[in-house]
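Worksheet: one structure, shown below.
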Amino acid sequence: MRRFIGHILPSVVCWQIWKARNKAMFEGVQMRSTAICHAIFSEIQSIGGVHFKHVFRVQSFCQLYDWSNLFAGGFTFKVVRWEKKETGRLILNTNGCSKGNPGVGGGGGVLRDSTGLPLIAFLAYFGETTCLRAGARALLIGLQTCVHRGFRNLCAIGFIGLSWDSSAPHLVSVADSTRG
Numbered sequence: 376m377r378r379f380i381g382h383i384l385p386s387v388v389c390w391q392i393w394k395a396r397n398k399a400m401f402e403g404v405q406m407r408s409t410a411i412c413h414a415i416f417s418e419i420q421s422i423g424g425v426h427f428k429h430v431f432r433v434q435s436f437c438q439l440y441d442w443s444n445l446f447a448g449g450f451t452f453k454v455v456r457w458e459k460k461e462t463g464r465l466i467l468n469t470n471g472c473s474k475g476n477p478g479v480g481g482g483g484g485v486l487r488d489s490t491g492l493p494l495i496a497f498l499a500y501f502g503e504t505t506c507l508r509a510g511a512r513a514l515l516i517g518l519q520t521c522v523h524r525g526f527r528n529l530c531a532i533g534f535i536g537l538s539w540d541s542s543a544p545h546l547v548s549v550a551d552s553t554r555g
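Using our numbering, read the sequence shown as starting at 376 and increasing by one per residue.
This is the structure:
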């Protein structure tokens with residue numbers, strides 16, 4: 376909310392002062408600072424309501440400015456944690472992202488044993504890419520790295536919603552053949 380107000384406030388202030396000046400010049404209505412400030416507050420409250428699809432029931436500019444600190448329903452979250460798999464099984468967790476979609480991106484991952492101990496980790500810079508492609512490339516690079524280093528009994532989980540299990544022999548050959 377603060378960033379939003381910071382972007383629109385200069386324009387709204389200028390607009391309301393210009394309107395008050397025109398009323399003074401053409402209609403003979405005296406310019407009053409309290410009326411201009413109230414008009415600025417009302418305009419920002421209205422624009423904010425349209426932008427955020429929320430009716431703001433605040434009485435002052437300070438309350439409106441601090442609204443983002445008081446509003447608790449704006450987002451949800453999910454706790455992500457490592458989960459133990461069966462003994463002897465290796466777990467590869469990967470993720471990729473891009474700044475923008477498309478934008479500059481990268482990815483990485485970590486291979487852990489069944490107790491959670493990290494065995495290897497990697498990261499890669501992808502340049503211009505999409506977030507989905509970055510996640511898929513991170514998973515592919517992780518699989519290639521594991522196969523290249525001889526880790527075969529693994530379960531791979533990518534945060535783009537892909538999983539891979541090395542118990543399917545044809546997938547091991549796919550990971551082998553894409554190495555490059």
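Every residue, glycine too, gets a C-beta built ideally from N, C-alpha and C.
Quiz prompt | Proximity below 7 Å, CB of Val388 to CB of Glu418 | solution = no
Practice problem: Out of Ala395, Pro493 and Ser435, state which residue places its alpha-carbon closest to the alpha-carbon of Gly403. | Solution: Ala395
Quiz item: Given that a residue counts as buried once 16 or more other Cβ atoms are within 10 Å of its Cβ, and exposed if not, what is Ala513?
Solution: buried
Practice problem: Pull up the distance between the alpha-carbon of Ser421 and that of Lys398, whole angstroms please. | Solution: 22 Å
Practice problem: Assuming Cys506 and Asn476 form a contact by the criterion Cβ under 8 Å, report the distance between their Cβ atoms to the nearest whole angstrom. | Solution: 5 Å
Quiz item: According to the Cβ coordinates, are Cys510 and Gly533 closer than 7 Å?
Solution: Per the sequence shown, the amino acid found at residue 510 is Gly instead of Cys. In contact: Gly510 and Gly533 (Cβ atoms closer than 7 Å).
Practice problem: Give the straight-line distance between the Cα atoms of Glu458 and Gly423, rounded to the nearest whole angstrom. | Solution: 42 Å
Quiz prompt | Reference Cys412, options Phe431, Val430 and Gln391, closest by Cα | solution = Gln391
Quiz item: Leu515: which of Gly525, Ala499 and Asn528 sits nearest, CA to CA?
Solution: Ala499
Self-check item: Inter-residue spacing [alpha-carbon to alpha-carbon] between Cys437 and Asn470
Solution: 40 Å
Self-check item: For Leu518 and Pro490, the rounded distance between their alpha carbons
Solution: According to the sequence as given, residue 490 is Thr; it is not Pro. Approximately 20 Å between the Cα atoms of the pair.
Quiz item: Just the Cα atoms here: how many angstroms apart are Gly463 and Arg432?
Solution: 58 Å
Quiz item: Can you name the residues that DSSP bridges to Arg487?
Solution: Ile466 and Pro493
Exercise. Would you grab the beta carbon distance between His426 and Phe379 for me? Rounded to a whole angstrom, and I think it's under 8 Å.
Key: 6 Å
Quiz item: When the Cα atoms are used, what is the spatial distance from Leu384 to Asn528?
Solution: 59 Å
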